[in-house]
Structure formats: C-alpha cells, structure tokens
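2 protein chains.
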Amino acid sequence: MSDPEVVVSAPGKVILFGEHAVVYGRKAIASSLDLRTHLEVHLLPDSTSVTLELPDIHLSKTWQMADLAAARPTDVDLKNPSPPSDQYLAALHRLAGTDADNTDARSLALLAFLYMYTSIHATARRCPAGRFHASSQLPPGAGLGSSAAYCTALAAGLLTMCDVITRQEGKNGADTAWCKDDLEVINSWAFQGERLIHGNPSGIDNSVSTFGGAISFKSGEISAFKSVAQLKILLVNTKVPRSTKVLVQGVRDRYNRLPAIMEPVLNSIEEISCTCEKVLQELGSPTVEIKENTQGKYYQVLEELVDICQCLLNAIGVGHPSLDKVSSITSKHGLHSKLTGAGGGGCALVLLRPDTAADVIDKVTTELRDCGFDVWETAIGARGVSQHS
Amino acid sequence: MSDPEVVVSAPGKVILFGEHAVVYGRKAIASSLDLRTHLEVHLLPDSTSVTLELPDIHLSKTWQMADLAAARPTDVDLKNPSPPSDQYLAALHRLAGTDADNTDARSLALLAFLYMYTSIHATARRCPAGRFHASSQLPPGAGLGSSAAYCTALAAGLLTMCDVITRQEGKNGADTAWCKDDLEVINSWAFQGERLIHGNPSGIDNSVSTFGGAISFKSGEISAFKSVAQLKILLVNTKVPRSTKVLVQGVRDRYNRLPAIMEPVLNSIEEISCTCEKVLQELGSPTVEIKENTQGKYYQVLEELVDICQCLLNAIGVGHPSLDKVSSITSKHGLHSKLTGAGGGGCALVLLRPDTAADVIDKVTTELRDCGFDVWETAIGARGVSQHS
C-alpha cells in the first residue's frame with residue numbers, strides 16, 4: 001500500500017473550568033486535548049471512486065466521483081463557507097443513504113464528509129479520487145469534541161489536497177501547523193461540519209481543535225489565550241452514561257429553587273475560570289521566565305482550583321459516585337481531579353505535574369482501570385490541527 | 001439508695017449550618033442536640049460533705065462543707081454572676097488540687113463545679129450537703145457542647161437546690177422547664193462555668209443548652225428562633241481526631257490565597273443559613289398549619305441545604321475521607337448528611353424524616369458502625385435544660 005499523500009490530525013477538547021456555569025453567563029475555559037483524530041488521504045490516481053473509512057465505527061463506504069460531482073453546489077465560497085441549502089442537503093442525504101431522521105453517529109459522519117468533499121471539490125482547483133481513512137483516540141459521545149476533531153481533520157485534509165490552503169512541508173519529520181489565515185478557513189469549514197452534526201454548536205469545540213491551546217468563552221464570545229502551558233493529565237472516562245440535557249435541567253431546577261444559594265456558587269466558579277486563565281497564560285508565556293521552584297507554585301494554584309471546582313460542581317448537583325471514586329483514588333496518591341463536561345458520570349481529568357513520578361501515575365492508572373474506567377495519559381493545551389510529514 | 005432530690009438534664013448542641021463561615025462574619029445556625037447530660041443531686045442530711053461523681057471521666061471527689069464554705073466569696077450577685085477574682089480562683093484551684101496549668105477535662109470539670117457550688121452556696125438561702133452525680137450521653141471534645149451541657153445542668157441543679165430559681169413540679173412524671181427569667185439566670189451561670197473551662201467562649205453552647213431549640217448567630221449576636229421543628233437525626237462521630245485551630249487556619253490560608261473564589265462560597269453558605277432559619281421556624285411554628293404532604297417539601301429543602309453545604313465545606317477545605325464515607329453510605333440509602341463543627345473528621349449529622357423507615361435507619365447505622373464510627377439516633381431542636389420529676 002502506498003504512503004498516504006496527506007496525514008493530518010486534530011485534537012479533542014476538554015472543559016477545564018466553568019461547565020454548567022457558562023449556561024448562566026459565566027466564563028468557562030476549554031483547552032485542546034491531545035487525544036487526536038488522524039486522517040490519512042491515499043491518492044488513487046487510476047480510480048474514479050472515493051472511499052471513506054471510519055474503522056472506529058465500523059464504517060467503510062465508496063462513491064463514484066461522478067455521483068459526488070453531480071451533487072456539488074455551484075456557489076461555494078471556499079474561504080467563507082455557508083450551510084447547505086435544503087436541496088443540497090437532500091442530495092447529500094441521498095448520497096449517504098440516510099434521511100433527516102437519521103441522527104446516529106454513522107449517518108452524521110457520512111453527511112459531514114459528503115458535505116465537505118462535494119463543497120470543497122466544487123470550486124477547488126484539484127480534488128482527488130482517493131481513500132480517506134479517519135481514526136480517533138477520542139471516545140465518541142463523551143463530551144471530548146470527537147465530532148469537532150473529525151470535522152477539523154476532514155477540513156484540513158480536504159482543503160490541503162485541493163490546495164485551498166498551503167500544503168505544509170515539515171522538516172525532518174516534524175509536524176507543522178498552518179498560518180493563521182489558513183487556520184481560520186479550516187475552522188470555518190469545521191464549524192459548518194459541526195452544524196450538520198449538532199444543529200446549533202457553540203463553535204468552541206472546532207475552535208479548540210483548530211487552534212489548539214486554550215480559550216475562554218462567556219456569553220457566546222470566544223477568546224483565545226495568548227499563550228498556554230501544555231499540561232500533562234490523565235483523562236478518565238467513567239463510562240457512566242448520562243444525558244447532558246437532564247443534567248443541565250437538574251442544575252436549572254436547583255437554581256430556580258434556591259437562586260440566592262446558587263448565584264454565589266456560580267460566581268465562585270467564574271472566579272476559578274479567571275484565575276485559571278491568568279495562571280495558564282503566565283505559565284505558558286514565552287516572555288515570563290519561570291524558574292523550576294516558581295513553577296511549583298503555579299501548579300499548586302491549579303491543583304487548588306481543580307479541587308475547589310470539583311466541590312462546587314458537586315454543590316450544583318452534577319456529581320456522581322463514579323466521580324467521587326476518581327477523586328478518592330487520585331487524592332489518596334496526592335493528585336487532583338475534577339469532572340469535565342456535563343458531569344453525572346462521563347469524564348474526569350487528573351492534573352499531573354511535570355515531575356509526577358511514573359510509578360504514581362502507574363498506580364493511579366491501575367486503580368482507576370480496576371474500577372472499570374478508561375484512562376489515557378495525555379496532555380491539554382496541545383497544538384491544534386497539524387499536518388504530519 | 002434514696003431517690004435523688006433533684007434530677008435535671010441539659011442538651012448538647014450541633015452547628016447545623018455556617019461553621020467556619022461564621023469566622024468571616026456570616027450567619028450560622030446552631031440547635032440543641034438531644035444527647036443530654038444528666039445531673040442527679042442526692043441529699044445527705046446527716047453528712048458534712050459534698051461529693052462530685054463524674055463516672056464518664058472516672059472522677060469522684062469529696063470535700064468537707066466547711067472547706068467549701070471557707071472558699072466562698074462574699075459578693076455574689078446570684079441573678080447576675082461575674083467571673084471569679086484571682087484570689088477566689090486560687091482558692092478554687094486549691095480545693096480542686098489543680099493549678100492554672102491544668103487544662104485537662106477533669107481539672108476543668110472540678111473547677112467549674114467548685115466555682116458554681118461555692119458561689120451559689122455563698123448567698124443562697126439553702127445549699128445542701130450531698131452527692132452530685134453527672135453523666136452524659138455526649139462524647140467529650142467532639143464539638144457537641146458537652147462542657148456547656150455539664151455547666152448548664154450544674155447551674156440548673158444548684159440554683160434549684162438553693163431555691164434561687166423555682167423548683168419545678170412536673171405532673172405525671174412529665175419533664176418541665178423553667179420560666180424565661182429563671183432560664184436567663186441558669187444561662188448566666190452556665191456561661192461563667194464555660195468561661196472557666198474555655199477562657200473565651202462564644203456563649204452559643206450554653207445558650208442552646210439552656211433554651212433548647214435553635215439559634216442563629218452572626219458577628220457575636222445571638223438570636224433565638226421564634227419556633228423550631230424538632231428533627232430526627234443520626235449523629236455520627238467518625239472519631240477522627242482533628243484540631244479546630246489547624247482547620248480554621250487552613251481555611252484562612254485558602255481564603256488569603258484565593259479571596260475572590262472563597263468570598264462567594266461563604267456568601268452561599270450564609271444564604272443556606274438564612275434559608276434554614278426560615279424553613280425550621282415555619283416547620284416548627286404553632287400557627288402555621290403544615291399538612292403532611294407539605295411537610296415533605298420542607299424536608300426536601302432541608303435535605304438539599306445539607307447536601308449543598310457539605311459540598312461547600314469541602315470546597316473551603318475542611319472535608320475528610322471519613323466524612324466522604326459518611327456521605328457515600330447515607331446517600332446510597334437516600335439520606336442526606338453533612339459534617340458539623342470543625343470538620344476534618346469529627347462529627348456528621350444525618351437528616352431523617354418523620355417517616356424514614358426503621359430498617360433504613362438500621363442499615364445505615366450498621367454500615368456506619370462497621371466503619372468504626374459511633375452513631376446515635378437522636379434529635380435536634382429538642383427542649384433545653386429540664387427538670388425531671
């Protein structure tokens with residue numbers, strides 16, 4: 001099998017602080033998560049077909065280029081995409097073999113690919129017959145931005161193949177990212193993909209996946225951190241299923257019953273987000289020299305923020321015994337953890353220091369896995385979408 | 001052995017809400033705890049001695065009436081006592097066989113008794129030779145006001161024996177309390193006893209022990225609830241030793257590091273206290289008719305306050321794995337618990353409803369005891385110091 005023509009990867013995201021509080025207009029912080037979705041594009045010069053392979057969800061589908069070309073719209077602004085018309089969407093559904101009622105992951109993944117492929121192919125100078133192989137380290141449906149990472153990787157791969165954005169030539173096997181303008185284009189397409197999948201996404205997930213690092217968001221406004229420290233974490237998936245909608249409603253009910261008690265808790269969470277923003281930017285700043293002994297103080301603050309925020313999330317009612325279990329195991333080993341995302345099960349993150357001993361990480365990982373949880377040793381604040389040479 | 005001449009009992013206290021926050025000027029709520037200290041006074045008409053028996057701390061000590069009489073001060077205002085002079089205090093230490101350096105429970109218990117006996121004896125019309133036998137259901141040193149219950153029972157017993165306050169004649173074996181003026185006198189003496197034991201007490205413990213029910217306190221001001229519901233609880237002593245001083249300092253350190261995050265948490269705790277005050281007064285009000293189905297709603301609010309407050313206490317850093325264990329056992333059975341007092345171990349209270357099934361209470365009690373904890377099924381908001389007929 002030939003080497004792939006293009007390999008790109010895009011990270012997931014975690015909410016560091018401010019989940020739920022953001023619904024009440026408070027600032028939240030999200031960062032990239034270095035569990036990535038990789039897309040390999042293999043050119044098939046003698047072929048007339050396009051294949052999408054998504055092994056994680058056991059999906060492989062092939063279309064004739066001619067059929068895809070027939071569906072392509074005529075009025076695509078490649079630098080500033082817009083949502084598909086109803087007619088175009090209907091054509092995409094026919095190609096996918098789905099209809100508007102199909103909201104399962106496989107149908108939506110097909111739709112997002114077909115939309116991007118046909119749109120970008122439409123006016124691009126060059127678009128290939130080929131095999132698109134996407135696989136992800138991200139568990140789906142866990143609030144870790146797996147669909148955004150998929151859309152971002154697809155956008156980056158397709159836009160590169162079609163020379164809409166500059167092809168990166170990494171030196172000595174290094175991974176490279178695009179210039180800011182190209183990233184904006186990738187982000188716009190990824191957002192359109194997310195809209196097809198989620199209806200009305202916030203744009204946070206695709207922004208974080210595209211630009212990497214961390215952002216703050218408040219009342220619909222997204223601001224990228226000027227700089228951000230890359231932090232080692234353990235990401236824990238308790239695999240306890242939960243409904244974000246039910247959890248959000250539960251917080252709303254408690255808020256409505258006890259507004260005078262809940263308001264200050266949300267204020268405290270916002271202050272945690274503000275403190276995190278300050279600390280992560282300083283810790284990651286290329287102009288602030290941080291000595292090794294000072295670094296510890298930054299981590300100490302972050303650890304305290306993690307501990308307090310986890311308690312406040314319990315106070316607003318989105319805790320779960322599985323998350324208590326994570327806390328109890330990690331704190332026993334001197335580590336600090338909090339839920340990330342909707343709560344009520346789902347995922348937690350465990351902060352690690354640069355010098356956290358490997359055997360501590362091993363022990364904690366083993367104990368967490370013994371509870372039936374999935375555990376990844378990864379990083380937050382990592383680079384956004386990248387091309388691999 | 002003859003029947004006792006007088007039997008009185010005084011309750012302990014628990015802080016319901018606002019522990020630690022009260023240090024920062026926020027309102028806290030304390031209520032009586034129906035674990036009581038009983039005092040029996042047996043007259044010994046032919047004797048010239050006075051004996052104090054404190055079986056809980058394995059103490060029994062006898063004095064000659066003449067020696068006690070010699071120590072008595074000349075200027076006692078029986079309705080409005082003041083602290084002992086240095087000279088008087090030195091005489092009390094000689095009688096107790098202690099000195100100012102002895103701050104152990106036995107020395108302080110002797111000192112408080114001798115102070116009250118000699119002072120009240122001094123100008124009272126009648127003070128007996130006799131045997132004073134005090135025993136308590138309260139664990140000492142657990143923040144449950146055991147010393148205040150002891151002082152309150154001593155004050156009530158001595159003041160009654162000496163006819164400074166009205167002797168109660170309960171009908172048909174009923175327990176009776178004193179009129180408000182007499183209770184004020186008891187409370188004043190109990191407070192002086194507490195001062196000997198604690199140096200600079202807040203006066204909360206003796207007030208609650210004397211008047212029963214519940215009080216709010218904020219910035220040194222104590223206000224009694226107009227009415228209060230008597231609530232069934234489990235009181236749990238984790239028996240994890242902790243230093244209140246260290247815990248208070250730990251909260252102060254976190255507050256100094258992160259004031260903008262801690263301030264709103266303290267505000268939320270104060271709102272919990274205010275909501276509790278309203279709910280408990282309504283639930284206990286003789287003029288508000290509460291139907292059985294409405295009662296459930298009051299309990300639901302109290303349970304939610306308990307849950308939220310426990311999380312906020314964790315957020316300010318006074319939790320402990322033993323208290324997490326209490327929470328996890330009780331919530332598994334649908335019950336709600338929080339630490340009470342200093343935290344970091346110590347005691348927790350578990351709210352029960354009037355209709356909480358006996359087998360649930362049994363199961364929870366068994367599981368908590370299996371963890372090595374002491375558990376009492378008792379009540380809060382119970383009557384204050386009472387005479388038993």
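Just so you know, the protein sequences line up as chains A and B, in that order.
For the first sequence, counting from 1, position 277 maps to 277 in full-length UniProt numbering; every step adds exactly one.
For the second sequence, counting from 1, position 116 maps to 116 in full-length UniProt numbering; every step adds exactly one.
Beta carbons: idealized from backbone N, C-alpha and C, even for Gly.
Inset, instruction - Evaluate contact between the region 28-48 of chain A and the region 89-108 of chain A, counting only Cβ atoms and requiring at least three cross-stretch pairs below 8 Å. - result: no
Inset, instruction - Measure the alpha-carbon distance for residue 348 of chain A versus residue 138 of chain A and round it to whole angstroms. - result: 14 Å
Inset, instruction - Express the C-alpha separation of residue 202 of chain A and residue 219 of chain A in angstroms, rounding to a whole number. - result: 10 Å
Legend entry - Contacts that residue 258 of chain B makes with chain A (C-beta to C-beta distance below 9 Å): 271, 272, 275, 301, 304, 305, 308
Legend entry - Proximal residues of chain A, C-beta to C-beta of residue 324 of chain B below 9 Å: 324, 327, 328
Legend entry - chain B contact for residue 311 of chain A (CB, 8 Å cutoff): yes
Inset, instruction - With 8 Å as the threshold, decide whether the Cβ of residue 268 of chain A is near any Cβ in chain B. - result: yes
Inset, instruction - Could you check how far apart the C-beta atoms of residue 368 of chain B and residue 236 of chain B are, in whole angstroms? I think they sit under 8 Å. - result: 6 Å
Inset, instruction - Quick one: give me the first and last residue of the beta strand (DSSP E) that residue 64 of chain B is part of. - result: 59-64
Inset, instruction - Using a threshold of 8 Å, state whether the C-beta atoms of residue 153 of chain B and residue 22 of chain B are closer than that. - result: no
Legend entry - Buried or exposed (CB count within 10 angstroms, at least 16 for buried), residue 62 of chain A: exposed
Inset, instruction - May I ask which residues mark the beginning and end of the alpha helix (DSSP H) holding residue 366 of chain B? - result: 358-370
Inset, instruction - Using a Cβ-Cβ cut-off of less than 8 Å, list which residues of the region 229-261 of chain A approach chain B; keep chain order. - result: 254, 257, 258, 260, 261
Inset, instruction - With DSSP as the reference, label residue 353 of chain B as helix, strand or coil. - result: coil
Legend entry - Minimum C-alpha distance to residue 395 of chain A - residue among A:20, A:6, A:12, A:16: Since the first residue shown for chain A is 1 and the last is 389, residue 395 of chain A is missing from the structure and cannot be characterised.
Legend entry - alpha helix (DSSP H) segment containing residue 270 of chain A, residue limits: 259-284
Inset, instruction - Would you mind telling me which residues of chain A sit closer than 7 Å to residue 286 of chain B, beta carbon to beta carbon, in chain order? - result: Residues of chain A passing the Cβ test: none, with the nearest at roughly 26 Å.
Inset, instruction - Please determine if the region 259-270 of chain A and the region 252-272 of chain B are in contact, where contact requires at least 3 C-beta pairs separated by less than 8 Å. - result: yes
Inset, instruction - Please list, in chain order, all residues of the same chain as residue 52 of chain B whose beta carbon is under 6 Å from its beta carbon, the five residues on each side excluded. - result: 61, 113, 132
Legend entry - Cutoff 8 Å: residue 140 of chain A Cβ touching any chain B Cβ: no
Legend entry - Bounding residues of the alpha helix (DSSP H) (the contiguous stretch that carries residue 157 of chain A): 146-161
Legend entry - is_contact[residue 185 of chain B, chain A] using C-beta, thresh 8 Å: no
Inset, instruction - Report the residue from A:233, A:320, A:280, A:195 whose alpha carbon sits nearest the alpha carbon of residue 307 of chain B. - result: A:320
Legend entry - Segment limits, alpha helix (DSSP H) that includes residue 232 of chain B: Note, residue 232 of chain B: premise wrong, no alpha helix (DSSP H); beta strand (DSSP E) at 231-237.
Inset, instruction - Please go through the same chain and pick out, in chain order, the residues whose beta-carbon is closer than 8 Å to the beta-carbon of residue 357 of chain A, but skip the five residues on each side of it. - result: none
Legend entry - Option nearest residue 17 of chain B by Cα separation, candidates B:101, B:151, B:48, B:310: B:310
Inset, instruction - Report the rounded CA-to-CA distance for residue 175 of chain A versus residue 386 of chain A, giving the unit in angstroms. - result: 6 Å
Legend entry - Three-state secondary structure assigned by DSSP to residue 401 of chain A: Not covered by the structure: residue 401 of chain A. The range shown for chain A is 1 to 389.
Inset, instruction - Determine, using beta carbons only, whether residue 305 of chain B and residue 233 of chain B come nearer to each other than 8 Å. - result: Going by C-beta atoms, residue 305 of chain B is not nearer than 8 Å to residue 233 of chain B.
Inset, instruction - Determine whether the Cβ of residue 265 of chain A lies closer than 8 Å to any Cβ atom of chain B. - result: yes
Legend entry - Meets three-Cβ-pair contact criterion under 8 Å: the region 96-114 of chain B and the region 192-200 of chain B: yes
Inset, instruction - Identify, in the order they occur along the chain, each residue of the same chain with its Cβ nearer than 7 Å to the Cβ of residue 316 of chain B, setting aside the five sequence neighbours on each side. - result: 20, 251, 254, 262, 265
Inset, instruction - Look at residue 142 of chain A and residue 346 of chain A and say whether their C-beta atoms are less than 8 Å apart. - result: Against a cut-off of 8 Å, the Cβ pair of residue 346 of chain A and residue 142 of chain A comes out as a contact.
Inset, instruction - With 8 Å as the threshold, decide whether the Cβ of residue 315 of chain A is near any Cβ in chain B. - result: With 8 Å as the cut-off, residue 315 of chain A counts as an interface residue toward chain B.
Legend entry - For residue 74 of chain A, three-class secondary structure by DSSP: coil
Legend entry - Separation of residue 115 of chain A from residue 188 of chain A, as counted between CA atoms: Rounded to whole angstroms, residue 188 of chain A and residue 115 of chain A show a C-alpha spacing of 13 Å.
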